[in-house]
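Chains as they are written, first to last, in this note's numbering: chain A, -6 to 430; chain B, 934 to 1171.
Below is one structure; the comments refer to it alone.
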Amino acid sequence: MKRIMLILLALWQLPAVAALTIEITEGVEGALPIAVVPFGWQGEKGRGPTQDIASIIRDDLQRSGRFASMPAREMLARPQSGSDVEFRDWKVLGMENLVVGQVQPNGSGGYLVRFQLFDVFKGEQLVGYSIPTTERDLRATAHHIADIIYEKLTGQRGAFATRVAYVIALGKPVRGQKVALRVADADGFSPQTIVTSTDPLMSPAWSPDGRKLAYVSFEKGRPAIYVQEVFTGRREKVAAYKGINGAPAWSPDGRKLALTLSKDGNPEIYLLNLTGGKALKRLTNHYAIDTEPAWSPDGRSIVFTSDRGGKPQIYRVPAFGGKVERVTFEGRYNARASYSPDGRFLTLVTRQGKDYRIGLLDLDSGGLQVLSEGRLDESPSFAPNGSMIIYATKVSGKGELAAVSVDGRFRQRLVLEEGDVREPVWSPYTRSNRRKP
Amino acid sequence: MKLSLLKLYPSRIGLAGGWRVDFRSWQGATTSNIGYIARSCTAAMGEKMRAGCRGNLFVTGIIPIMLLALAIGGCSSTEEKADEGVGAPVEEAGQAGSAGDVSVGGEALVAGATEGGAWSGSELQDPQSPLYTRVIYFDYDSSEIRSEYLDVVVAHGEYLAANPSVSVTVEGHTDEQGSREYNIALGEYRANAVKRLLLAQGTQESQIITISFGEERPLDPGLDEAAWSQNRRAELLY
């Protein structure tokens, strides 16, 4: 019976007010100027797409910090295909790249979206595609186009067509507060609630295929770890031992969860086999706190937080067990580390004076760079292309999300209309945005 | 202690009501985004998503009932793949102490308070008793019981030892500084520090349940040291 109800709990569209607003707080000098011309509609008047595809692309590119998108109102011409483009005009406006496109009807409720990316100086097409889509998938299609443009011009894969999961608390603080776990597009649109509770919800973690979330729920008065399919809402309780059941982290192959249990007396890191018999293997053994495990992208190491040295610091242990080594030495408080997608960096929470900030640790040099400026920043999570880190911060006492580029030069706030937001986790690439051959 | 907690509430709610994010410079962007979503929630969607939109009523109306049903009906369920390692049932805290001559629990507490001075029930209701103190506070990143609370915890331990039918839930909590899962662990250390001292007075292991909420249930939602010192705590709940 419970399972049926949980399916019903899955995926609603939330009210309008739940949208995130993105405010760029710090820009980058030398962002690449690009003009994305409003896409033309080739069909019957008044029956065109309800989403402004060009504007979605423009915002995505702008948000990456790598591009300066020209506002549509400043455009003197609005060509819809390559043959209409006067490159000289765009050159005069200082644009290096230009995107034009059009939308055609394609069957019932369907569209065909065509776009072309040009190098203005050479007057050459760099890339062009026709993409069939539907009314419902228009935003996703726009994000895919932004990904293609981003990759073509920066050489780095785009991460616009990904999602972010986060926890939001609604209602008056403390008692009577409702907590929800939500999944939204990376630009904050289309938030959907996948679980709500009046008890704490914590520590969402994406499966490597982006189809499941593991999380901690106190819904029966005690913490338990659940794994829930994001699209169907079907879920399974995978850990409900005595004491702490916390900090789930998926192995890169998706077959194991690293987690924190205190069933044997104090918090230790365990590996839970998700396939077969749910076998448990203990990875750490120390009377101090061991928690917040995170896998290296090659699946060979696990970093975790431990106060075995007196203060919380990051340690590393081979995923198959073995000797524990200390990773962070700077400062009195370093916690909740996770690897960059290339495995060369850790992002973590670091105490600087009285403030808790987001740090980036270079694993080769050991150098720690502080990326954020808040008092209580936490829960950093890399974008799947490694370009940005999303994290939780407090603004005027309210939990908000923010993002920063890994070089620390570009910052933005992601402002929700309501609620107290925390624990953002950026999704991995999913099947739908897997690289084309 | 319970009473003072209640007193804290209204004042803090007032303060919280005043929280507003400063929208000054990006009011425009905000408005346009609302427009977008509002539109996307009506005409712009496929049939399935539009159904989801109407579901908002469903969210507010039916979900609480479902959750309630979950809470009531779901406790004894075993259909989820339970693990062998799940410990002894721990949900029985509410029934603790109903047997015997000692009257405890939330309702008893309120009744005792309104009788005004006639502490006919248990020592737990006597403001003069150290047992009346149910919340003890900790230093930053510490699970050491401060000297001023030793007498309180010892008194609770002796009381529990003398009343083996009574059980207690010890909740560990932290302030909002630092990372959340580390705070869950720290909260458990605090609860366990209290538990060890209770056991040392002769309380039985079976009388004590510990749970950590980390920073998830602050007493005071403020974000300064005054609030945080209230949140770094262990609570004894009979």
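Note that CB positions come from ideal geometry on N, CA and C, so glycine has one too.
Everything numeric in this text was worked out from a predicted model, so none of it was measured.
Checklist line | For ILE237(A), three-class secondary structure by DSSP | finding: Translated into the one-based positions of the first sequence, residue 237(A) becomes position 244. Secondary structure of ILE237(A) (DSSP, three-state): coil.
Note to self: Considering only their Cβ atoms, is the gap separating ALA1126(B) from SER1208(B) smaller than 9 Å?
What the structure shows: This structure does not reach residue 1208(B), given that chain B is present from 934 up to 1171, and the question cannot be answered.
Notebook entry, point to check: Taking the C-alpha atoms as reference points, what is the distance between LYS235(A) and PHE1146(B)?
Noted result: For this step, residue 235(A) is matched to residue 242 along the first sequence. For this step, residue 1146(B) is matched to residue 213 along the second sequence. Each residue's Cα considered, the two are about 14 Å apart.
Notebook entry, point to check: Is ASN1096(B) close to chain A, meaning its C-beta is less than 9 Å from at least one C-beta of that chain?
Noted result: To locate residue 1096(B), count along the second sequence from 1; it is residue 163. ASN1096(B) is outside the set of residues whose beta carbon lies under 9 Å from a beta carbon in chain A.
Checklist line | Nonlocal neighbours in the same chain, by C-beta distance under 6 Å from ASP348(A), ignoring five residues either side | finding: Residue 348(A) sits at position 355 when you count from the first residue of the first sequence. Excluding positions up to five away in sequence, the list reads ARG368.
Notebook entry, point to check: Under a three-way DSSP split, which group does GLY1120(B) fall into?
Noted result: Your numbering for residue 1120(B) matches position 187 in the second sequence. GLY1120(B) falls in the helix class under three-state DSSP.
Notebook entry, point to check: Would you say THR1143(B) reaches chain A, if we count a Cβ-Cβ gap shorter than 9 Å as a contact?
Noted result: Sequence index remark: in the second sequence, residue 1143(B) carries index 210 (1-based). So yes, THR1143(B) belongs to the interface.
Checklist line | 8 Å contact criterion, which VAL342(A) and ARG329(A) should meet: CB distance rounded | finding: By one-based count along the first sequence, residue 342(A) stands at place 349. By one-based count along the first sequence, residue 329(A) stands at place 336. About 5 Å; that satisfies the 8 Å criterion.
Check: CA-CA distance, ARG248(A) and TYR263(A)?
Finding: Counting from one through the first sequence, the residue named residue 248(A) turns up at place 255. Counting from one through the first sequence, the residue named residue 263(A) turns up at place 270. Using only the alpha carbons, I get a separation of about 14 Å.
Checklist line | 6 Å Cβ shell around ASN966(B) - same chain, five flanking residues per side excluded | finding: Here residue 966(B) corresponds to residue number 33 of the second sequence, with the count starting at 1. In this prediction, ASN966(B) scores a pLDDT of 31, lower than 50, which makes its location untrustworthy; no coordinate-derived value is stated.
Checklist line | Those residues which DSSP pairs with VAL310(A) across a bridge | finding: Residue mapping note: residue 310(A) aligns to position 317 of the first sequence, counting from 1. For VAL310(A), which the question treats as bridged, DSSP gives the partners ILE295(A).
Check: Closer than 9 Å, CB to CB, is ILE138(A) near chain B or not?
Finding: Here residue 138(A) corresponds to residue number 145 of the first sequence, with the count starting at 1. So, not an interface residue.
Next item on the list: Ignoring anything shorter than 4 residues or poking outside the region 222 to 266 of chain A, list the alpha helix (DSSP H) runs there in chain order.
Entry: Counting only runs of 4 or more, we get nothing.
Item checked: DSSP-derived helix/strand/coil call for GLY1090(B) -> Translated into positions along the second sequence, residue 1090(B) becomes position 157. Residue state, collapsed to three classes: helix.
Notebook entry, point to check: alpha helix (DSSP H) containing TYR432(A): first to last residue?
Noted result: Nothing can be reported for residue 432(A): it is not among the residues displayed for chain A, which extend from -6 to 430.
Check: Can you name, in chain order, every residue of its own chain whose Cβ lies under 8 Å from the Cβ of GLU37(A), other than the five neighbours on each side?
Finding: Counted from its first residue, the first sequence places residue 37(A) at position 44. Counting only Cβ-Cβ distances below 8 Å, and skipping sequence neighbours, we find PRO98.
Check: What number of angstroms, rounded off, separates the C-alpha of ARG337(A) from the C-alpha of TYR143(A)?
Finding: As a working note, residue 337(A) is residue 344 in the first sequence. As a working note, residue 143(A) is residue 150 in the first sequence. In this structure, the alpha-carbon of ARG337(A) lies about 23 Å from that of TYR143(A).
Notebook entry, point to check: Whose Cβ in chain A lies nearer than 8 Å to the Cβ of LEU1119(B)?
Noted result: Counting from one through the second sequence, the residue named residue 1119(B) turns up at place 186. Per Cβ cutoff of 8 Å: ILE282.
Item checked: Span of the alpha helix (DSSP H) around SER1162(B) -> The residue given as residue 1162(B) occupies position 229 in the second sequence. Unbroken alpha helix (DSSP H) run through SER1162(B): 1158 to 1164.
Note to self: Quick check: ARG56(A) and PRO31(A), are their CB atoms within less than 9 Å of each other?
What the structure shows: Position 63 of the first sequence, counting from 1, holds the residue named residue 56(A). Position 38 of the first sequence, counting from 1, holds the residue named residue 31(A). No; because the gap between Cβ atoms is not below 9 Å, this pair is not in contact.
Next item on the list: Measure the C-alpha to C-alpha separation of PHE182(A) and LYS391(A) and round it to an integer number of angstroms.
Entry: As a working mapping, residue 182(A) is identified with position 189 in the first sequence. As a working mapping, residue 391(A) is identified with position 398 in the first sequence. Between PHE182(A) and LYS391(A), the alpha-carbon positions lie close to 20 Å from each other.
Next item on the list: State the Cα-Cα distance for the pair ASP400(A) and ARG59(A), rounded to the nearest angstrom.
Entry: As a working note, residue 400(A) is residue 407 in the first sequence. As a working note, residue 59(A) is residue 66 in the first sequence. So the alpha carbons of these two residues sit roughly 12 Å apart.
Checklist line | Interface partners of TYR384(A) on chain B, CB under 9 Å | finding: As a first step, residue 384(A) must be located in the first sequence, where it is residue number 391. Chain B residues near TYR384(A): none, gap ~11 Å exceeds 9 Å.
Next item on the list: Please confirm if the region 352 to 361 of chain A is in contact with the region 128 to 142 of chain A, defined as three or more CB-CB distances below 8 Å between the two stretches.
Entry: no
Margin query: Taking the beta carbon of ASP300(A) as the centre, do at least 16 other beta carbons fall within 10 Å, making it buried, or is it exposed?
Written below: Sequence index remark: in the first sequence, residue 300(A) carries index 307 (1-based). The residue is buried, with at least 16 neighbouring Cβ atoms inside 10 Å.
Next item on the list: Taking 8 Å as the threshold, find out whether the region 1092 to 1109 of chain B comes into contact with the region 288 to 296 of chain A through three or more Cβ pairs.
Entry: no
Note to self: In this structure, how does DSSP classify LYS171(A) when only helix, strand and coil are distinguished?
What the structure shows: On the first sequence, residue 171(A) is found 178 positions in, with the first residue counted as 1. In the structure shown, LYS171(A) sits in a strand (DSSP, three-state: E or B).
Item checked: Contact check, TYR326(A) vs ARG344(A), beta carbons under 9 Å -> Here residue 326(A) refers to the residue found at position 333 of the first sequence. Here residue 344(A) refers to the residue found at position 351 of the first sequence. Yes, the Cβ-Cβ distance between TYR326(A) and ARG344(A) is below 9 Å.
Note to self: For a cutoff of 9 Å on Cβ pairs, would you count TYR1070(B) as touching chain A?
What the structure shows: Numbered from 1 along the second sequence, position 137 holds the residue referred to as residue 1070(B). No, because no Cβ of chain A sits closer than 9 Å to the Cβ of TYR1070(B).
Item checked: Under 9 Å from the C-beta of ARG1067(B): neighbouring residues of chain A -> Position 134 of the second sequence, counting from 1, holds the residue named residue 1067(B). The premise fails here: ARG1067(B) is roughly 17 Å from chain A at the closest Cβ pair, so nothing lies under 9 Å.
Note to self: Just to check my reading of the structure: TYR93(A) and SER74(A) have Cβ atoms closer than 8 Å, yes? What is that Cβ distance to the nearest angstrom?
What the structure shows: Indexing the first sequence from 1 puts residue 93(A) at position 100. Indexing the first sequence from 1 puts residue 74(A) at position 81. Going by the sequence as given, residue 93(A) is Val instead of Tyr. Correct: roughly 6 Å between the Cβ atoms.
Check: Can you give the beta carbon distance from GLY302(A) to ARG319(A), rounded, assuming they're within the 8 Å contact cut?
Finding: Locating residue 302(A) in the first sequence gives position 309, where the first residue counts as 1. Locating residue 319(A) in the first sequence gives position 326, where the first residue counts as 1. Confirmed, about 7 Å.
Margin query: Which residue wins for smallest C-alpha separation from GLU1081(B), given the options TYR1122(B), PRO1097(B), THR1066(B)?
Written below: By 1-based counting over the second sequence, the position of residue 1081(B) is 148. Just measuring C-alpha positions, the residue of TYR1122(B), PRO1097(B), THR1066(B) sitting nearest GLU1081(B) is THR1066(B).
Item checked: 9 Å Cβ cutoff, THR321(A) in contact with chain B -> Here residue 321(A) is taken as the residue at index 328 of the first sequence, counted from 1. It does not; no Cβ of chain B falls within 9 Å.
Notebook entry, point to check: Residues of chain B with CB under 9 Å from THR253(A), in chain order?
Noted result: Locating residue 253(A) in the first sequence gives position 260, where the first residue counts as 1. Those within 9 Å of THR253(A) in chain B are GLU1114, ILE1117, ALA1118.
Check: Under 9 Å between C-beta atoms, does ASP1074(B) make it to chain A?
Finding: Start at 1 with the first residue of the second sequence, and residue 1074(B) comes out as number 141. Judged by the 9 Å Cβ criterion, ASP1074(B) is in contact with chain A.
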